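Using this note's numbering, read the sequence shown as starting at 2 and increasing by one per residue. Even glycine gets a Cβ: it sits at the ideal position worked out from N, Cα and C. Computed from a predicted model, the values in this text were never measured in an experiment. See below for the structure under consideration.
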Amino acid sequence: MKLIERYILKQLIINSMLILLLILSIFSLSKSVQLIELSINRGLPFNIFFKLVFFSLPSIIPYLFPIIFCLSIFFTFSRMRNDRELIVIESLSGTKFSMLKPVIFYGTVLTLISLFFTINLSPKSNHNFRYLINDIKSKYSSSLLQEGVFNIIGEDFTIFVKQRQSDGKLKNIFIHDTREKGKPNTLISKQGTLIDSNNENKIFLEDGSQQFLSKEKSKLSILYFDKYLLSFSESSGSSLKRIWKTPSERSLSELSNPDLSNGDDFKNQQAFKAELIQRFSLPANTLCFGFLIISIMLSQRFMRDESLHFNIKILITILVLKSIFIICSSISVKFENFELINLVPFIISLLLGLYFQIKLYKNV
2 MKLIERYILK QLIINSMLIL LLILSIFSLS KSVQLIELSI NRGLPFNIFF KLVFFSLPSI
62 IPYLFPIIFC LSIFFTFSRM RNDRELIVIE SLSGTKFSML KPVIFYGTVL TLISLFFTIN
122 LSPKSNHNFR YLINDIKSKY SSSLLQEGVF NIIGEDFTIF VKQRQSDGKL KNIFIHDTRE
182 KGKPNTLISK QGTLIDSNNE NKIFLEDGSQ QFLSKEKSKL SILYFDKYLL SFSESSGSSL
242 KRIWKTPSER SLSELSNPDL SNGDDFKNQQ AFKAELIQRF SLPANTLCFG FLIISIMLSQ
302 RFMRDESLHF NIKILITILV LKSIFIICSS ISVKFENFEL INLVPFIISL LLGLYFQIKL
362 YKNV
């Protein structure tokens, strides 16, 4: 690789890393804002925040790569044009095609990295992330109770607390319990206390009533109590072992061979096919989106004065490409046998990139 090509490659790497770090920092900050109150005031372990961020990163990085690569190309070549470097490089090499090689090389590297993420890391991290969320709901349900809203705990409990005091006391409690199928019951209490023991969450209710409807007699029965101890972790905790794996959590073999005897798998066959195609089309978008952007930029004459109109056109192109990807991704899941539409962004950007390259070649 020539000196000029190494220089362009270095600039692309630096810019892409800076953009990636910026986006990941914003993402981590948004997560920390959501969890800091739970960690400090509610007793939720602070290391859970790092686990949530760590498990979510492998799934979002492949989606960021196409945008990051396009922006790094845009920033690199815009700066080099403003500094008159592109004019010098073109005069020395005699052609613009020498500037294309480092972009294609770096895009190929990012594509291979993205492919490793989508095939290997992302499914595992998505599964671990979802398992951790369910584990939090099971072990730290009492910490996550919010006042003034209906809190869904596991699969069987809906809890409403009007007021939560700093000492753990709860005021005006409403609990809907659906553990007994066909016989739901409702607990209403004036006050209660949260109890955490042996990874099991309990709530001690005082001065309340239990209401349940008998289907056989169609009669509402009310039982008044002075004290009542309710455990609401057992049901949620046991459900962790039977979590249904979503398409984003599955390996390629699991996507290709779903268990059709399972009702959830049968209903989501189209989602499996769409996810399978996207595992390969998403990394390809990185290279092809970047190829289109660099082709458009090289097709423009290297003028000494920067064109604001041209820069806006490049940014709009990046947004349009990402919008097409989002639309195609949504259609591929919703409509039967439309999974191949995930290849449309890749094909469009490749064909347009070739068009601008041919146009550039004719002008040489």
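Check residue i in the structure and name its three-state DSSP category.
{"i": "residue 208", "result": "strand"}
{"i": "residue 131", "result": "helix"}
{"i": "residue 354", "result": "helix"}
{"i": "residue 13", "result": "helix"}
{"i": "residue 258", "result": "coil"}
{"i": "residue 194", "result": "strand"}
{"i": "residue 97", "result": "coil"}
{"i": "residue 168", "result": "coil"}
{"i": "residue 173", "result": "strand"}
{"i": "residue 252", "result": "coil"}
{"i": "residue 247", "result": "coil"}
{"i": "residue 238", "result": "Annotation note: pLDDT 45 at residue 238 (below 50); position unreliable, coordinate value reported separately. In this structure, residue 238 counts as helix in the three-state DSSP scheme."}
{"i": "residue 339", "result": "coil"}
{"i": "residue 271", "result": "helix"}
{"i": "residue 301", "result": "coil"}
Residue range of the beta strand (DSSP E) that residue i falls in?
{"i": "residue 268", "result": "Residue 268 -> not in any beta strand (DSSP E); alpha helix (DSSP H) instead, spanning 264 to 268."}
{"i": "residue 82", "result": "Taken as a continuous stretch (DSSP letters only), residue 82 belongs to no beta strand (DSSP E), being part of the alpha helix (DSSP H) at 48 to 83."}
{"i": "residue 221", "result": "220 to 232"}
According to DSSP, residue i sits in a beta bridge with which residue or residues?
{"i": "residue 181", "result": "Paired residue(s): none; residue 181 is not in a bridge."}
{"i": "residue 148", "result": "162"}
{"i": "residue 153", "result": "159"}
{"i": "residue 186", "result": "178, 213"}
Taking all protein chains shown into account, decide if residue i is buried (16 or more other Cβ within 10 angstroms of its Cβ) or exposed.
{"i": "residue 85", "result": "exposed"}
{"i": "residue 258", "result": "exposed"}
{"i": "residue 270", "result": "exposed"}
{"i": "residue 333", "result": "buried"}
{"i": "residue 225", "result": "exposed"}
{"i": "residue 295", "result": "buried"}
{"i": "residue 239", "result": "In this prediction, residue 239 has a pLDDT of 44, which is less than 50 and means its spatial position is unreliable; what the coordinates show is noted afterwards. Counting Cβ neighbours within 10 Å, residue 239 comes out exposed, since fewer than 16 surround it."}
{"i": "residue 109", "result": "exposed"}
{"i": "residue 89", "result": "exposed"}
{"i": "residue 338", "result": "exposed"}
{"i": "residue 260", "result": "exposed"}
{"i": "residue 242", "result": "In this prediction, residue 242 has a pLDDT of 45, which is less than 50 and means its spatial position is unreliable; what the coordinates show is noted afterwards. The residue in question, residue 242, is exposed, as its Cβ has fewer than 16 Cβ neighbours within 10 Å."}
{"i": "residue 83", "result": "exposed"}
{"i": "residue 81", "result": "buried"}
{"i": "residue 164", "result": "exposed"}
{"i": "residue 348", "result": "exposed"}
{"i": "residue 265", "result": "exposed"}
{"i": "residue 354", "result": "buried"}
{"i": "residue 222", "result": "exposed"}
{"i": "residue 280", "result": "buried"}
{"i": "residue 209", "result": "buried"}
{"i": "residue 299", "result": "buried"}
If I follow the unbroken alpha helix (DSSP H) through residue i, where does it start and stop?
{"i": "residue 327", "result": "309 to 335"}
{"i": "residue 3", "result": "It is not in any alpha helix (DSSP H) - residue 3 carries neither H nor E in the DSSP assignment."}
So, residue i versus residue j, is the Cβ gap smaller than 8 Å?
{"i": "residue 60", "j": "residue 254", "result": "no"}
{"i": "residue 68", "j": "residue 323", "result": "yes"}
{"i": "residue 343", "j": "residue 272", "result": "no"}
{"i": "residue 207", "j": "residue 193", "result": "yes"}
{"i": "residue 231", "j": "residue 204", "result": "yes"}
{"i": "residue 361", "j": "residue 52", "result": "no"}
{"i": "residue 5", "j": "residue 99", "result": "yes"}
{"i": "residue 437", "j": "residue 341", "result": "Residue 437 is absent from the structure shown; the chain starts at 2 and stops at 365."}
{"i": "residue 63", "j": "residue 346", "result": "no"}
{"i": "residue 195", "j": "residue 292", "result": "no"}
{"i": "residue 77", "j": "residue 12", "result": "yes"}
{"i": "residue 21", "j": "residue 87", "result": "no"}
{"i": "residue 186", "j": "residue 212", "result": "yes"}
{"i": "residue 25", "j": "residue 58", "result": "yes"}
{"i": "residue 118", "j": "residue 287", "result": "no"}
{"i": "residue 49", "j": "residue 137", "result": "yes"}
{"i": "residue 103", "j": "residue 9", "result": "yes"}
{"i": "residue 107", "j": "residue 15", "result": "no"}
{"i": "residue 246", "j": "residue 128", "result": "yes"}
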